[in-house]
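Visitor: Right, I'll just put the structure down here and ask away after.
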Amino acid sequence: MEEIYEFNGITKEDAIKNAEESLGLDKEAMEITVKEEKRKRKVFSILDKNRVVISVKIIEEKVKKNKFNNNELEKVKEKVTVFLNKLSELYEEDEIKYDIKIEGRKIYVDINTSNQGKWIGFRGSKLEALQTILNDISQNEEKTNIKVYVNIGNYKEEKRERLFKEAKFIANKVIKEQVEIALKPMNAYDRKLIHAYLKDEYVKTKSRGVEPNRYIVITPKENNL
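Take the sequence shown: its letter number 200 is residue 474 in the numbering used here, and every next letter is one higher.
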């Protein structure tokens, strides 16, 4: 019989964070159901911390990739902080400010600077390079599942919108003309976004090729032929 865990929180997101920290497991390896969501009180109460109750069932086949150690997570955060502080001192003229947020095994770094173009680079090349460096220096000799994601300004949000717009345009063309169309090569994260975005459309998506030139092919679903 599969074990079911219960966790509380002020919000659903807070309850999930408690589950991740307690189980040492990213939410990607959990099947989460909201069991109870009490009505928000007009007056603050200490009981509000248990307003949302979730049940969690672990998805065993995803455990290996998504488990993490809280102590290791804090060490990685410290390494990232030290690096960014030194970077801020070295490039003082760029007025680099940053914020770090932890979600499960993921560390999100939001950077703001007076010279965003310099740090983003052509098509995000410098941003991606900085993200790679932070992931490299954050790992010990024994690799962990902890990942660092970097964003500068609203670059990734704007890029995501462009990706979705392009994917939608190509998907409509595939449906209309009943042809297979390949998108330009992109990194694994961007491919994952497009796979998810077009999942419920009248098309199929598949990655082909070898890194760093791996790309997505969009084809019409058979029942649309």
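Idealized CB from N, CA, C, for every residue including glycine.
#1: Measuring straight from C-alpha to C-alpha, what distance separates Val504 and Lys375?
#2: Of the residues Gly391, Lys473, Ser412 and Pro494, which one's Cα is nearest the Cα of Ile449?
#3: Let's see if you can read the secondary structure: which residues bound the beta strand (DSSP E) around Thr493?
#4: For a test of the three-state rule: what should DSSP assign to Tyr236, helix, strand or coil?
#5: When the Cα of Lys353 is compared with those of Ile284, Val383 and Glu377, which residue comes out closest?
#6: Tell me Gly283's beta-bridge partners as DSSP assigns them.
#7: Can you check DSSP and say which residues form a bridge with Val424?
#8: When we look at the beta-carbon of Ile490 and count the other beta-carbons within 10 Å, is it buried (16 or more) or exposed?
#9: Identify whether Lys316 lies in helix, strand or coil by the three-state DSSP scheme.
#10: Would you kindly check if the distance between the Cβ of Ile278 and the Cβ of Ser362 is under 8 angstroms?
#11: Report the option in Gln390, Thr355, Glu348 and Glu454 whose CA atom is closest to the CA atom of Glu367.
#12: Classify Arg379: buried if its beta carbon has 16 or more other beta carbons within 10 angstroms, exposed otherwise.
#13: So, Asn359 versus Glu302, is the Cβ gap smaller than 8 angstroms?
#14: Whole angstroms are fine: how far does the CA of Asn343 sit from the CA of Ile332?
#15: Could you name the residues of the same chain whose beta carbon sits closer than 7 angstroms to that of Ser319, not counting the 5 residues immediately before and after it, in chain order?
#16: Distance check for Val477 and Lys447, CA to CA, integer angstroms please.
#17: Out of Ala456, Ser481 and Glu454, point me to the one whose CA is closest to Arg465's CA.
Guide: Taking the structure as given:
#1: Here the chain has residues from 275 to 499 only, and residue 504 is not among them.
#2: Reading the sequence shown from its first residue, position 175 is the one you call residue 449. The candidate whose alpha carbon is nearest that of Ile449 is Pro494.
#3: Walking along the sequence shown from the start, residue 493 turns up at place 219. Tyr489 to Pro494 is the span of the beta strand (DSSP E), which, as asked, contains Thr493.
#4: What the structure shows of the chain is the stretch from 275 to 499, and residue 236 is not part of that stretch, so it cannot be assessed.
#5: Along the sequence shown, read from residue 1 onward, the residue named residue 353 stands at position 79. Among Ile284, Val383 and Glu377, the Cα nearest to that of Lys353 is on Val383.
#6: Residue 283 sits at position 9 when you count from the first residue of the sequence shown. Val326.
#7: Here residue 424 is taken as the residue at index 150 of the sequence shown, counted from 1. Note: Val424 sits in a beta bridge opposite Val383.
#8: In the sequence shown, residue 490 corresponds to position 216, counting from 1. Ile490 is buried by the Cβ-count criterion.
#9: The residue you call residue 316 lines up with position 42 of the sequence shown. Residue placement at Lys316 cannot be trusted, given a pLDDT of 44 that sits under 50; the coordinates are not used to answer.
#10: As a position in the sequence shown, residue 362 is number 88, starting the count at 1. As a position in the sequence shown, residue 278 is number 4, starting the count at 1. No, they are not a contact pair.
#11: Residue 367 sits at position 93 when you count from the first residue of the sequence shown. It is Gln390.
#12: The residue labelled residue 379 in the question sits at position 105 within the sequence shown. Buried: at least 16 other Cβ atoms inside 10 Å.
#13: Locating residue 359 in the sequence shown gives position 85, where the first residue counts as 1. Locating residue 302 in the sequence shown gives position 28, where the first residue counts as 1. Not closer than 8 angstroms, so no.
#14: What you label residue 332 is simply residue 58 of the sequence shown in a count that begins at 1. What you label residue 343 is simply residue 69 of the sequence shown in a count that begins at 1. Those two C-alpha atoms are separated by around 17 angstroms.
#15: Numbered from 1 along the sequence shown, position 45 holds the residue referred to as residue 319. Confidence in Ser319 is poor, its pLDDT being 45 and thus under 50, which makes the residue's placement too unreliable to answer from.
#16: Numbered from 1 along the sequence shown, position 173 holds the residue referred to as residue 447. Numbered from 1 along the sequence shown, position 203 holds the residue referred to as residue 477. It is roughly 10 angstroms from the alpha-carbon of Lys447 to the alpha-carbon of Val477.
#17: In the sequence shown, counting from the first residue as 1, residue 465 sits at position 191. Among Ala456, Ser481 and Glu454, the Cα nearest to that of Arg465 belongs to Ser481.
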